[in-house]
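The opening residue of the sequence shown carries number -12 in my numbering; numbering runs sequentially from there.
Where a beta carbon is used, it is the ideal one built from N, C-alpha and C, also for glycine.
A quick note: this is a predicted structure, and the numbers were derived from the prediction, not measured.
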Amino acid sequence: MFILKDFISDSLSAANASDPVAALMDLLRETVGRADALLTALPETDADETLLHASEGLTIYDIKLPPGILYPPHNHRMPVVIGFYAGCETNLIYQVSADGALKQVDRLDFEAPTVTILERDVIHAITNFGDTPSRAIHYYLGDLLEVERDLWNPASGQKGPFDNDNYFGFATSNQ
């Protein structure tokens, strides 16, 4: 049986380990291998993003990524450990060029079950090229709700402060 309260407690312990990234990755490897048990323990919701925990040292989200949508480039300003337990997701990785423009430098494709890390300074856009929603637990190694982040307008290329309204408003079709 998978108990969400215990999972969050285990996650907090892992985040306080001497190597929190490795400890969180190990915990997620165990977790994504039990996708059915995880799904029954998570709150039922139609929301694409469900906040499971937020504190100064760790923010935990369960994220559903619907197919066909490309979300705009953004950063997190903290490491992110992601455990995919259903579907697939593509991350488009960007760097800021000398003239300040974003340039795509990589594409990372993930299919459940898998665990990955995004380093502190990664700028990425996400999409789901599959036919069904992807599902993933995201560990942000900090308080994602309080950190100042950046979001790039895909139409203009302009960088601005991250906010959820613009994040969802800038989303486009991935076709």
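Note down the Cα distance separating residue i from residue j, rounded to an integer number of angstroms.
{"i": "Y126", "j": "N62", "result": "14 angstroms"}
{"i": "L25", "j": "L(-9)", "result": "8 angstroms"}
{"i": "E36", "j": "K146", "result": "23 angstroms"}
{"i": "G55", "j": "L11", "result": "29 angstroms"}
{"i": "Y72", "j": "T18", "result": "8 angstroms"}
{"i": "G156", "j": "Y58", "result": "9 angstroms"}
{"i": "A28", "j": "N161", "result": "31 angstroms"}
{"i": "I50", "j": "D86", "result": "34 angstroms"}
Specify, as a first and last residue, the run of the alpha helix (DSSP H) that residue i falls within.
{"i": "I(-10)", "result": "Taken as a continuous stretch (DSSP letters only), I(-10) belongs to no alpha helix (DSSP H), as it is neither H nor E."}
{"i": "T18", "result": "P7 to V19"}
{"i": "L25", "result": "A22 to A28"}
With a Cβ-Cβ cutoff of 9 angstroms, do residue i and residue j count as a contact?
{"i": "N140", "j": "N151", "result": "no"}
{"i": "D108", "j": "R136", "result": "no"}
{"i": "L(-1)", "j": "H40", "result": "yes"}
{"i": "L52", "j": "I113", "result": "yes"}
{"i": "L128", "j": "V67", "result": "yes"}
{"i": "I(-5)", "j": "I47", "result": "yes"}
{"i": "A34", "j": "G74", "result": "no"}
Please list, in chain order, all residues of the same chain as residue i whose beta carbon is under 7 angstroms from its beta carbon, the five residues on each side excluded.
{"i": "T103", "result": "I69 and F97"}
Give the range of the beta strand (DSSP E) segment to which residue i is assigned.
{"i": "A112", "result": "I110 to T114"}
### Message
With a threshold of 8 angstroms, are at least 3 pairs of Cβ atoms found where one atom belongs to the stretch 83 to 92 and the other to the stretch 1 to 11?
### Response
The count of Cβ pairs closer than 8 angstroms, one atom from the stretch 83 to 92 and one from the stretch 1 to 11, stays below three, leaving the stretches out of contact.
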